[in-house]
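Just so we're aligned: 123 in our numbering is position 60 of the sequence shown, and the numbers increase by one with no gaps anywhere.
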Amino acid sequence: YISLKLKGKKKAWEYSKIFYKKDKKINFVKNASLKYKVDNFNIGIFTTLTTGFIEWFVHNKPTIVILNKDIIKIDKNFTYFYKELVKNKIIHFSGKSAGTFLMNIDLKEWWNGSKIQKIRKNYLSKSKNHLTFKSINDI
Numbered sequence: 064y065i066s067l068k069l070k071g072k073k074k075a076w077e078y079s080k081i082f083y084k085k086d087k088k089i090n091f092v093k094n095a096s097l098k099y100k101v102d103n104f105n106i107g108i109f110t111t112l113t114t115g116f117i118e119w120f121v122h123n124k125p126t127i128v129i130l131n132k133d134i135i136k137i138d139k140n141f142t143y144f145y146k147e148l149v150k151n152k153i154i155h156f157s158g159k160s161a162g163t164f165l166m167n168i169d170l171k172e173w174w175n176g177s178k179i180q181k182i183r184k185n186y187l188s189k190s191k192n193h194l195t196f197k198s199i200n201d202i
């Protein structure tokens with residue numbers, strides 16, 4: 064299962080109709096809690112580096128972000144992490160890139176690899192000054 068969170072004028076539910084036309088096996092859950100998503104979905108896909116992305120990181124669930132590099136502005140304190148997220152295929156700049164990547168990997172092996180786990184822990188360590196999560200110390 065996939066959790067997909069999109070930003071923009073169209074709601075994710077409207078986008079789900081587009082995906083469903085392509086593949087009738089895709090399931091979309093409207094208005095599910097974070098706990099439900101984390102417990103039941105295999106990956107979170109986001110279009111921003113905001114709360115949802117960080118929540119999935121905190122819960123150590125596979126996460127990718129599809130960004131429009133023409134409009135993204137990265138805080139200078141996070142430049143190193145941004146480059147690492149791109150290098151290790153957590154950030155993609157097109158849906159095609161993300162889709163191709165996901166179709167050609169073992170998701171659990173990739174996510175649980177030492178590089179991804181190190182990036183995740185370092186990113187959360189740096190981010191925890193700005194955000195508060197109950198389980199931040201459990202990473």
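Just so you know, even glycine gets a beta-carbon here, dropped at the ideal spot from N, CA and C.
Beta-bridge pairing of residue i - partner residues as DSSP gives them
{"i": "residue 128", "result": "109, 154"}
Own chain partners of residue i with C-beta closer than 8 angstroms, once the 5 adjacent residues on each side are dropped
{"i": "residue 198", "result": "A caution first: residue 198 carries a pLDDT of 42, below 50, which makes its placement in the model too unreliable to give a value."}
{"i": "residue 161", "result": "108, 127, 129, 155"}
Option in the options with minimal Cα separation from residue i
{"i": "residue 214", "options": "163, 142, 157, 97", "result": "Residue 214 lies beyond the residue range present for the chain, which begins at 64 and ends at 202; the question has no answer from this structure."}
{"i": "residue 182", "options": "117, 158, 168, 138", "result": "117"}
{"i": "residue 106", "options": "178, 175, 170, 190", "result": "170"}
{"i": "residue 150", "options": "110, 166, 178", "result": "178"}
{"i": "residue 125", "options": "101, 146, 139", "result": "101"}
Residue i in three-state terms, based on DSSP
{"i": "residue 102", "result": "helix"}
{"i": "residue 115", "result": "helix"}
{"i": "residue 123", "result": "coil"}
Segment limits, alpha helix (DSSP H) that includes residue i
{"i": "residue 177", "result": "177-190"}
Same chain, Cβ closer than 7 angstroms to residue i, neighbours up to 5 away in sequence not counted
{"i": "residue 112", "result": "128"}
{"i": "residue 203", "result": "With the chain covering 64 to 202 only, the question about residue 203 has no answer from this structure."}
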